[in-house]
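Below is one structure, written out as structure tokens; comments come after it.
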Amino acid sequence: IKVEMAEQEKPVFFLYARRIMKNPLLNRRQMVIDVLHPKRANVSKTELEAKLAEKFRVKAGCCEVYGLKTKFGGGKSSGFALIYDNEDYRKKYDSIPKLRKMGLKPKKPVTRKLRKDLKIKRKKVRGTAKSKQTATSGAKGKKPGKQGSQCKAIIDFHQM
1 IKVEMAEQEK PVFFLYARRI MKNPLLNRRQ MVIDVLHPKR ANVSKTELEA
51 KLAEKFRVKA GCCEVYGLKT KFGGGKSSGF ALIYDNEDYR KKYDSIPKLR
101 KMGLKPKKPV TRKLRKDLKI KRKKVRGTAK SKQTATSGAK GKKPGKQGSQ
151 CKAIIDFHQM
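Using our numbering, the letters of the sequence shown map in sequence onto residues 1 to 160.
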């Protein structure tokens, strides 16, 4: 006996939002989400973001889902969700790595040589001066013209 399954899109899932909190300082709503997904291993973040956007009547670009963990035994996952008031606030307040991952902020091309030079420079200073160090390409050390004039001034002083 051969049993054929009917063609379905995907098994359905249920999304529940709890502990919803409005954060006016960051112009967003924060919540814990529970996802019930029987007959599925897990649900993709894009599907969850689309469902959240539909549920809260916002654009899908304003929603962010992260920290999903599947419960032991499967069928249920829980995680966190952020829903920004609009996409501009998301670009303003969301973390840079998340924005780069979503393609909303371009990545700066930095060569390996520049990263290593910056690391060495930061090792030589302490405290807040580390953040002021910048990677510059070019010759290391001071310019010879300045060193020469300083040495000449010292020699002139001793000859007096």
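Glycine included, each C-beta is placed from N, C-alpha and C at the ideal position.
Nearest to S44 by alpha carbon, out of F13, K116, R90 and R100? The residue you call residue 44 lines up with position 44 of the sequence shown. Comparing Cα positions, the closest option is F13.
What span of residues does the beta strand (DSSP E) with L36 cover, start to end? Along the sequence shown, one-based indexing puts residue 36 at 36. R28 to L36 is the extent of the beta strand (DSSP E) around L36.
May I ask you to list the residues that DSSP assigns as paired with L114? Residue 114 sits at position 114 when you count from the first residue of the sequence shown. Note: L114 sits in no beta bridge, so no partner.
The ligand ATP heavy atoms versus the CB of T46: any closer than 7 Å? Within the structure as shown, the ligand ATP is missing, as the structure has no ligands at all.
For the beta strand (DSSP E) containing R100, list its first residue and its last residue. Here residue 100 refers to the residue found at position 100 of the sequence shown. Taken as a continuous stretch (DSSP letters only), R100 belongs to no beta strand (DSSP E), being part of the alpha helix (DSSP H) at I96 to M102.
List the whole-angstrom C-beta distance separating L52 from V35, where the pair is believed to meet the contact cut-off of C-beta under 8 Å. Reading the sequence shown from its first residue, position 52 is the one you call residue 52. Reading the sequence shown from its first residue, position 35 is the one you call residue 35. Contact doesn't hold; Cβ gap of about 11 Å is too wide.
R54 to R126, Cα distance in whole Å? Residue 54 sits at position 54 when you count from the first residue of the sequence shown. Residue 126 sits at position 126 when you count from the first residue of the sequence shown. This sequence places Glu at residue 54; Arg is not what is there. Spanning the two alpha carbons is a distance of roughly 50 Å.
Neighbourhood of K59 by C-beta, 7 Å cutoff - its chain only, sequence neighbours within 5 removed: Residue numbering aside, residue 59 sits at position 59 when the sequence shown is read from its first letter. For K59, where only same-chain residues beyond five positions count, the Cβ hits under 7 Å are A53 and E87.
Which whole runs of the beta strand (DSSP E) in the region 41-100 are 3 residues long or more, in chain order? 63-70 and 76-84
Below 8 Å on the Cβ atoms is my contact criterion, and I expect I96 with K108 to pass it. Report the Cβ-Cβ distance as a whole number of Å. Position 96 of the sequence shown, counted from the first residue, corresponds to residue 96. Position 108 of the sequence shown, counted from the first residue, corresponds to residue 108. Actually they are not in contact, since the Cβ atoms of I96 and K108 sit about 10 Å apart, beyond 8 Å.
Restricting to Cα atoms, I'd like to know which of V65, L25, R40 and N42 is closest to A17. Looking up residue 17 in the sequence shown gives position 17. For A17, the nearest C-alpha among the options comes from V65.
Measuring CA to CA, which of M102, C62, T134 and R112 is closest to A81? As a first step, residue 81 must be located in the sequence shown, where it is residue number 81. Of the listed residues, the one whose Cα sits closest to A81 is C62.
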